[in-house]
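Scroll down for the structure; my scribbles are underneath it.
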Amino acid sequence: MIQNNLNGRGSYKEALQESKWSRKNIEKPRLRSSSWEDNELLRRCLVGRFIGGEEAPTLNEVRSWMQQIWKGAPNTLVYDLNGFEFLFEFQTRKAAEHVIMGDWRRQGANLKLDWWSPTRGAFHESTGFDWFWIRALGLPLHLWNKDVMKEIGDACGGWLENEEETELKNHLRWARIRVRGPKENIPTKVELSDGKLIFLYRSSVNLWRPSNR
Numbered sequence: 001m002i003q004n005n006l007n008g009r010g011s012y013k014e015a016l017q018e019s020k021w022s023r024k025n026i027e028k029p030r031l032r033s034s035s036w037e038d039n040e041l042l043r044r045c046l047v048g049r050f051i052g053g054e055e056a057p058t059l060n061e062v063r064s065w066m067q068q069i070w071k072g073a074p075n076t077l078v079y080d081l082n083g084f085e086f087l088f089e090f091q092t093r094k095a096a097e098h099v100i101m102g103d104w105r106r107q108g109a110n111l112k113l114d115w116w117s118p119t120r121g122a123f124h125e126s127t128g129f130d131w132f133w134i135r136a137l138g139l140p141l142h143l144w145n146k147d148v149m150k151e152i153g154d155a156c157g158g159w160l161e162n163e164e165e166t167e168l169k170n171h172l173r174w175a176r177i178r179v180r181g182p183k184e185n186i187p188t189k190v191e192l193s194d195g196k197l198i199f200l201y202r203s204s205v206n207l208w209r210p211s212n213r
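With our numbering, letter number 51 in the sequence shown gets 51, and the count goes up by one each step, no holes.
Listed below in structure tokens is the structure:
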């Protein structure tokens, strides 16, 4: 979203939009999904976490390591679940069963593997965090750089890092940035000026948590 660099408090439309965003008593929608037990793809997925080592590997590092080590399981895909757990999608259940029986290490860190379950990659509703991933929506291309994203992160509680996909510009729909908590310090809107225009963008917090309610 772009607005001219003018003085004033904004239009009636902007005030109305702000009011809608600030409502806090909206009832949580509850959606129904199909049973994961009938999902053939998920039944051949493993979730892994590297334990030990100096720092968690990046997605590209895990992908390169996996392609060299798991040559008996070709075309395996890997996804970053939450910054420290990775989802491995195998072509067959048999290939996944073979891998989970092995003992795997990378640079001194053990890879702990488990079968995927509905709560893997999610956090319990009562879990407290000192960091969050945010998505900055609508960031213009000429402001897509590490210095600007650090400013955005600092305005949202404190910048920690940018997601690897964001650094590589694999997509430009949003920038994903890890920031410090608490969540209450993260605004839903941030203004960024390039000297001529003010760019107003929205940020959203990414956090999936299972709930018993």
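Each residue gets a CB set at the ideal place from its N, CA and C atoms; glycine is no exception.
In this structure, the alpha-carbon of L111 lies about 16 Å from that of N60. Taking 8 Å as the cut-off, the beta carbon of V78 is found closer than this to the beta carbon of M66. When only Cα atoms are considered, N145 and E151 end up about 10 Å apart. Of all C-beta pairs linking the stretch 130 to 138 to the stretch 174 to 188, three or more are shorter than 8 Å, placing the two stretches in contact. Following the DSSP letters along the chain, one finds K146 inside the alpha helix (DSSP H) bounded by residues K146 to A155.
By the C-beta density criterion, N162 is buried, having at least 16 other C-beta atoms within 10 angstroms. Across the set G157, F88 and R49, the C-alpha of F88 shows the shortest separation from the C-alpha of L42.
If only uninterrupted alpha helix (DSSP H) runs of at least 4 residues are considered, those enclosed by the stretch 38 to 109 are 59 to 69 and 93 to 100.
Cβ-Cβ distances below 8 Å link R63 to V78 in the same chain, with the five nearest sequence neighbours on each side left out; the list follows chain order. Rounded to the nearest whole angstrom, the C-alpha separation of C45 and Q107 is 24 Å. Rounded to whole angstroms, the gap between the alpha carbons of I69 and G102 is 11 Å. With contacts defined by Cβ atoms closer than 8 Å, L143 and L113 do not form a contacting pair. Taking the CA atoms as reference points, N82 sits about 23 Å from E40. In this structure, the beta-carbon distance from R49 to E97 does not fall below 8 Å.
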